[in-house]
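Trainee: Encoded as C-alpha cells, here's the structure I'll be asking about.
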Amino acid sequence: MDKRSLSIETTRLIVRPFLKSDYHNWLHQNMNKLPSQHKYDIGVQDMSECTEFWFRDMIEQQNEMMNNDEVYIFGIFLKHTGAYIGSIDFSTLMRLNFHWGRVGYTLNNTHWGQGYGKEAVRGALKIAFGKINYHRVEAHINLDNIPSIRLAEGVGMQYECTRKGFINENGKWTDNLIYYMNAEDYF
Numbered sequence: 004m005d006k007r008s009l010s011i012e013t014t015r016l017i018v019r020p021f022l023k024s025d026y027h028n029w030l031h032q033n034m035n036k037l038p039s040q041h042k043y044d045i046g047v048q049d050m051s052e053c054t055e056f057w058f059r060d061m062i063e064q065q066n067e068m069m070n071n072d073e074v075y076i077f078g079i080f081l082k083h084t085g086a087y088i089g090s091i092d093f094s095t096l097m098r099l100n101f102h103w104g105r106v107g108y109t110l111n112n113t114h115w116g117q118g119y120g121k122e123a124v125r126g127a128l129k130i131a132f133g134k135i136n137y138h139r140v141e142a143h144i145n146l147d148n149i150p151s152i153r154l155a156e157g158v159g160m161q162y163e164c165t166r167k168g169f170i171n172e173n174g175k176w177t178d179n180l181i182y183y184m185n186a187e188d189y190f
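Residue numbering for the sequence shown follows this note's numbering, beginning at 4 and increasing consecutively.
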C-alpha cells in the first residue's frame, strides 16, 4: 500500500504516516511537553536514546508492519505550522470475515483542550474505513480514563461492553471499556 494514500487533511490538521524527515520536529515536540497531567499522560520523557538513527529504524519497522497489515501508525501535524502534536495507530485484530481493527491515540499535552484529538481521530477513521478497509474499529479504554472516553464518544463511537481482565498492564490484568464504530456508522 502506498503511504501517500494513507494521509488526510482536516480543517486544521494533517494525519499521515511518519517520514524519516519528521525526526527533528518529532523530537522537539516530545522534548517540550508539560509534566504528566494524569496517570495516562506520559508527559516529559527522557529522549536521550531517541537518536536520528533510532528514529529511522522505527520508521522502517512501522513501514514493515503497515505492509504486513499489522499496525498503521500516523503522526498528527498542525496544518498551519507543520508541528507534530500526537499520533494515532490502528492495529489489525482480524481480517477474514471480520475486517476488525483497534484504534489508539495520544495527543501531546501542550495541545489539549482545542479539539485536535477529536478532529484527528475523525480524519483517521476515514482512512481506517476507506483505505485500510476495516469494517469495525474498537477503542479499548481503561475504566478511569475519562479524557479517552470523551474522545471516543465525541467522534461517535458507541459503548459496547466492559471486558473483564482484558489487558495485562504492569503485571496486572485490567478491565477495559469497549467502544466501537462500524464503517456504515461513519459514512
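All C-beta atoms, glycine included, are put in the ideal place defined by N, C-alpha and C.
Excluding five sequence neighbours on each side, which residues of the same chain lie with their C-beta closer than 7 Å to the C-beta of M68?
Mentor: Closer than 7 Å at Cβ, skipping near neighbours: V74.
Trainee: With K82 and R15 assumed to form a contact (beta carbons below 8 Å), what rounded beta-carbon distance in angstroms separates them?
Mentor: Indeed they touch by this definition, with Cβ atoms about 6 Å apart.
Trainee: Can the beta-carbon of D72 be found less than 8 Å from the beta-carbon of T95?
Mentor: Contact flag set, yes.
Trainee: Three or more beta-carbon pairs under 8 Å between the stretch 110-121 and the stretch 132-145, yes or no?
Mentor: The answer is no - the stretch 132-145 does not touch the stretch 110-121, with fewer than three Cβ pairs under 8 Å.
Trainee: If you draw a straight line from the alpha carbon of V18 to that of G118, how long is it in whole angstroms?
Mentor: One C-alpha to the other measures close to 14 Å.
Trainee: Is it the case that the Cβ atoms of L110 and I88 are separated by a distance below 8 Å?
Mentor: Yes, the Cβ-Cβ distance between L110 and I88 is below 8 Å.
Trainee: Could you spell out the range, first to last residue, of the alpha helix (DSSP H) harbouring E122?
Mentor: It spans 119-133 - the alpha helix (DSSP H) in which E122 sits, taken as one unbroken run.
Trainee: Looking at C-beta atoms only, is the number of pairs between the stretch 95-108 and the stretch 139-154 that lie closer than 8 Å three or more?
Mentor: Cβ pair count under 8 Å is three or more, so yes.
Trainee: Starting from Y43, trace the alpha helix (DSSP H) both ways and give me its first and last residue.
Mentor: Per DSSP, Y43 belongs to no alpha helix (DSSP H) and is neither H nor E.
Trainee: Quick check on DSSP: helix, strand or coil for Y87?
Mentor: Y87 falls in the strand class under three-state DSSP.
Trainee: Helix, strand or coil for K23? Go by DSSP, reduced to three states.
Mentor: Three-state result, K23: helix.
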